[in-house]
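Inspection log for the structure reproduced underneath, given as structure tokens.
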Ligand SMILES: NC(=O)c1ccc[n+]([C@@H]2O[C@H](COP(=O)([O-])OP(=O)(O)OC[C@H]3O[C@@H](n4cnc5c(N)ncnc54)[C@H](OP(=O)(O)O)[C@@H]3O)[C@@H](O)[C@H]2O)c1
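Residue numbers (this note's numbering): 42 to 281.
Okay, here's the thing in structure tokens:
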């Protein structure tokens, strides 16, 4: 049987991806802080969902949970990292900035490394992380969120490079970069090109199955990404 872990499976993209995995026959370790939501999900397929309460800001707990899941499943072919937060924070409230960094940078790094080292030992596995189109530029309303996503993207690329150290070529790193998806996370008031959760998750799941290196979700964000990469900072400052 195939086994997976979804970090951040209580809601949104993670919850939807976990459901697709269960439908495809996986046993899935689902994690997050809201235990009650995890138990409600488990009740829909008790034999395939396995619940672990976890706050990714608590590094020791994340390590312990990861070890418990590996012990339970013995091998894991897929780790999906969906846990993330972001705020509109024009006042640069430190609590919000710090919280974002602890979740999206510290917590993410620990999960990336735990997954990578497991896959190195196993000789196979796929690490998927939901970064964002936000990784491409700075933003004056949500500096820590946009910077944390740039960090994630660069760390994932480093792991992709590092995967050449693993004999056999069966370790894959997949960086998913959504635009706006209709979840509790979607930041901002003037949201355009918002993809439904179902549409975005379907495209993400397809990209995971195809073991893509990176993908923009939905496809139309490829065009925005191209523009974002060439627009000079002075123009961004003027219009954004
Ligand atoms: N929605 C968008 O427009 C969009 C666009 C680009 C990228 N993304 C990225 O997609 C990812 C998933 O977000 P979503 O849109 O699906 O929003 P969501 O429904 O709010 O999901 C976020 C998930 O992260 C978990 N999480 C947050 N803080 C955590 C912590 N400290 N410890 C453990 N789990 C934590 C939440 O679980 P608990 O609260 O139960 O802990 C929840 O399961 C995020 O990384 C987000 O940045 C979203």
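We treat Cβ as the ideally placed atom computed from N, Cα and C, and that holds for glycine.
Separation of residue 200 and residue 53 (C-alpha to C-alpha, rounded to the nearest whole angstrom) is 26 Å. Within the region 133-186, the complete beta strand (DSSP E) segments at least 3 residues long are 166-171, listed from N- to C-terminus. Here the alpha carbon of residue 173 sits roughly 31 Å from the alpha carbon of residue 115.
Within the same chain, Cβ atoms closer than 6 Å to the Cβ of residue 157 are found at 200, the five residues on either side in sequence being excluded. The residue from 84, 264, 163 and 61 with its alpha-carbon nearest to that of residue 208 is 163.
Membership of residue 62 in the alpha helix (DSSP H) is indicated by the continuous run 53-64.
Inclusion of residue 226 in the 7 Å shell around ligand 1 follows from its C-beta lying nearer than that to a non-hydrogen atom of the ligand. Between the region 237-254 and the region 74-84, the count of C-beta pairs closer than 8 Å stays below three; the two stretches do not touch. Just measuring C-alpha positions, the residue of 45, 91, 95 and 143 sitting nearest residue 189 is 143. Take residue 166, set aside five residues on each side of it, and the residues of its chain with a beta-carbon closer than 8 Å to its own are 117, 118, 119, 120, 156, 159, 160, 211, 212 and 213, in chain order. As the crow flies, the alpha-carbon of residue 68 is around 11 Å from that of residue 92. Listed in chain order, the beta strand (DSSP E) runs fully inside the region 72-124 are 90-94 and 119-122, counting runs of at least 3 residues. Between residue 236 and residue 222, the gap from beta carbon to beta carbon is short of 8 Å.
For residue 97, the closest C-alpha among the options 169, 215 and 74 is that of 74. Ranked by Cα distance from residue 141, the first of 71, 183 and 103 is 183. In this structure, the CA atom of residue 240 is about 16 Å from the CA atom of residue 225. Burial state of residue 50 is buried, judged by a 10 Å Cβ sphere holding 16 or more other Cβ atoms.
Taking 7 Å as the cut-off, one finds at least one heavy atom of ligand 1 near enough to the beta carbon of residue 221.
Taking C-beta atoms under 8 Å as the contact rule, residue 265 and residue 220 qualify, at a distance of about 7 Å. In this structure, residue 186 sits near residue 175, with a CB-CB distance shorter than 8 Å.
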